[in-house]
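Enquirer:
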Amino acid sequence: MKVIVNQDACIGCGACCSICEEAFEIADNGLSTCKIEGEIPADLEQGVQDAMASCPTGAIVLAEADNSSEPAVEAA
Ligand code: SF4
Numbered sequence: 154m155k156v157i158v159n160q161d162a163c164i165g166c167g168a169c170c171s172i173c174e175e176a177f178e179i180a181d182n183g184l185s186t187c188k189i190e191g192e193i194p195a196d197l198e199q200g201v202q203d204a205m206a207s208c209p210t211g212a213i214v215l216a217e218a219d220n221s222s223e224p225a226v227e228a229a
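This is the structure we're talking about:
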């Protein structure tokens, strides 16, 4: 799975960073950001899910599969 922090929803409380510091950090703008841009490693998934569940504003959301960065699969 991939997650992103909705910067419009995050209030910078730091809960996610406390729960899963491997995946989240407070950026210079005072808001959380997910340090892992790609797939969340399996050993961090539980921590990330705990952080998602604990976020008071629901700012941590699953990222949709990003079709724009992957070439379309064309039939041979
Ligand atoms: S728990 Fe939610 S509101 Fe708090 S810093 Fe993390 S993403 Fe932002």
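In this note's numbering, the protein residues as written are 154 to 229.
All C-beta atoms, glycine included, are put in the ideal place defined by N, C-alpha and C.
Predicted model only: the values in this text are computed from it and were never measured.
Hey, would you say the C-beta of P209 is under 7 Å away from at least one heavy atom of the ligand SF4?
Expert: yes
Enquirer: Answer yes or no: the CB of A212 versus the heavy atoms of the ligand SF4, is any distance below 7 Å?
Expert: It does: the Cβ of A212 is within 7 Å (strictly closer) of some heavy atom of the ligand SF4.
Enquirer: Pick out the complete beta strand (DSSP E) segments inside the stretch 165-200, 3 residues or longer, and give them in chain order.
Expert: 177-179 and 185-187
Enquirer: Spatial neighbours of G165 within its chain, please: CB distance less than 7 Å, with the 5 preceding and 5 following residues excluded, ordered by chain position.
Expert: I179, G183, L184 and S185
Enquirer: Whole angstroms is fine: what's the gap from E192's alpha carbon to L215's?
Expert: 11 Å
Enquirer: Check whether the Cβ atoms of I213 and C169 lie closer than 8 Å to each other.
Expert: yes
Enquirer: Using the C-alpha atoms, what's the distance from Q160 back to P194?
Expert: 23 Å
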